[in-house]
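Counting in UniProt numbering, the sequence shown runs from 1 upward without gaps.
Beta carbons are placed, not taken as given, at the ideal position from N, Cα and C, and that holds for glycine.
Predicted, not measured: the structure shown is a model, and the values here were computed from it.
Comments concern the structure below.
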Amino acid sequence: MTYNYVVTAHKGSGVSNCVTGNFTSPTDLNLLIAKSTRIEIYLVTAEGLRPMKEISIYGRVTVMKTFRPEGEKKDLLFLLTYKYNASILECIRGEGEAFEVVTRAHGNVADTISRPSETGSIGMIEPNGKLIGLRLYDGLFKVIPLERESKELKAFNIRMEELNVSD
């Protein structure tokens, strides 16, 4: 009896999303790059990009946005995967250069009866960081209210007449 074992030799290198923001500290400008199931965090310096950390994500990233809620000193990161798992990540500084990325809130925002949009997912965050709007399905606009103390992301739908939303 024979068994086949298949594994990829290299990490994925295709960039699916990228954003900039003050993710690691209020004074650092960071470039965050999503490559399939990984997020790479870089520090933007005068000499160029300096790699800081690589994070593995359970799922392929489809929407990635940074935002700063009222009262926060640095940006948070919103992620949505292809299976509609949403999460908000925060960077917590340790001693010296060390830092840790923790999940501040998470949840699944999938609907069982809707048809996924053929043109892909679109995500927007209100400038004050109080709600997230997602266009995941044709004819539906999904709203996630952001509450400071909540650890779970819960969404509700708003029906739209227009089926083809491009931006």
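- Beyond the five residues adjoining it in sequence on each side, Y82 comes within less than 7 Å, by CB distance, of G59, R60, T62 in the same chain, given in chain order.
- Residue state for V15 is assigned as coil, using DSSP reduced to three classes.
- Classified as buried, K142 has 16 or more neighbouring CB atoms from the shown chains inside 10 Å of its CB.
- For the beta strand (DSSP E) assignment, the uninterrupted runs of no fewer than 3 residues enclosed by the UniProt domain "RSE1/DDB1/CPSF1 first beta-propeller" (15-164) are, from N- to C-terminal side, 17-21, 30-35, 38-44, 49-56, 61-67, 76-81, 85-93, 99-108, 122-125, 131-137, 140-145, 156-159.
- In the same chain as A34, and ignoring 5 residues on each side of it, the C-beta atoms closer than 6 Å to its own belong to S16, N17, V61, M64, in chain order.
- Taking 8 Å as the cut-off, the beta carbon of L134 is found no closer than this to the beta carbon of L49.
- Approximately 6 Å separates the beta-carbon atoms of S117 and L136; this is inside 8 Å, confirming the contact.
- Exposure of T119 is indicated by the presence of fewer than 16 other C-beta atoms within 10 angstroms of its C-beta.
- Non-local C-beta neighbours of K73 in its own chain, meaning closer than 7 Å and more than five positions away in sequence, comprise P26, ordered along the chain.
- Sequence-distant partners of T24 (beyond 5 residues in either direction) whose C-beta falls short of 8 Å from its own C-beta, in its chain, are N30, I41, L43, M52, K74, C91, R93, F99.
- Between the alpha carbons of L153 and T20 lies a gap of roughly 23 Å.
- When the five nearest sequence neighbours on each side are left out, the beta carbons in the same chain lying within less than 6 Å of the beta carbon of I122 are those of R135, in order along the chain.
- Contact check for N128 against E70 passes: the beta carbons are separated by less than 8 Å.
- By the 16-neighbour rule on beta-carbons within 10 angstroms, V102 is exposed.
- Restricting attention to I132, E97, T45, G139, the CA atom closest to the CA of M160 is found in G139.
- Within its own chain, the residues whose Cβ lies closer than 7 Å to the Cβ of L131, once the five positions on either side in sequence are excluded, are V143, I144, P145, L146, listed in chain order.
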